[in-house]
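Notes follow once the structure below has been shown.
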Amino acid sequence: MSVSGLRVLAVDDEPPALDELAYLLRADPRVAAVHTAGDATGALRVLRDADIDAVFLDIRMPGLDGMELARVLSRFAKPPAIVF
């Protein structure tokens, strides 16, 4: 976690759910930055470019689903916390 707060990534293939989660996360004073992605590929792009403390994952997504993405993230040298 950064000194100023958590940097989080929300991943969901349903835009209304993703927008609502991002809204709620941005309203939390403990959260410094909120990134979003609509699928696992987008999530991996964000994770390549940003230092993320926690990833909020949708379990059911087309392509690589949330469980599979969590397995990939667990192999990172410094894996983020995962929330389903």
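If you use the numbering used here, the sequence shown corresponds to residues 9 to 92, in order.
Built from N, CA and C at the ideal position, the CB exists for glycine as well.
At what residues does the beta strand (DSSP E) containing residue i begin and finish?
i, result
"A62", "A62 to L65"
"M15", "What sits at residue 15 in the sequence shown is Arg, not Met. Start and end: L14 to V19."
Measure the alpha-carbon distance for residue i versus residue j and round it to whole angstroms.
i, j, result
"V80", "D21", "18 Å"
"V54", "A48", "10 Å"
"F64", "A41", "13 Å"
"I67", "R38", "24 Å"
"L84", "I90", "The sequence shown places Phe at residue 84, rather than the Leu named in the question. Their Cα atoms are separated by approximately 12 Å."
"A94", "M69", "The requested residue 94 does not occur in the structure, where the chain is confined to residues 9 to 92."
"R87", "A78", "According to the sequence as given, residue 87 is Pro; it is not Arg. So the two alpha carbons sit approximately 9 Å from each other."
"L52", "A35", "24 Å"
"R56", "S82", "14 Å"
"H43", "F92", "16 Å"
Give the range of the alpha helix (DSSP H) segment to which residue i is assigned.
i, result
"L33", "P23 to A35"
"R56", "A48 to D57"
"A78", "G74 to S82"
Discussion item. Does the structure place the region 13-25 close enough to the region 48-61 that three or more beta carbon pairs sit under 8 Å?
Written reply: At 8 Å Cβ cutoff, the stretches touch.
Worksheet item: Does the region 72-85 touch the region 22-35, meaning 3 or more C-beta pairs lie closer than 8 Å?
Response: No contact exists between the region 22-35 and the region 72-85.
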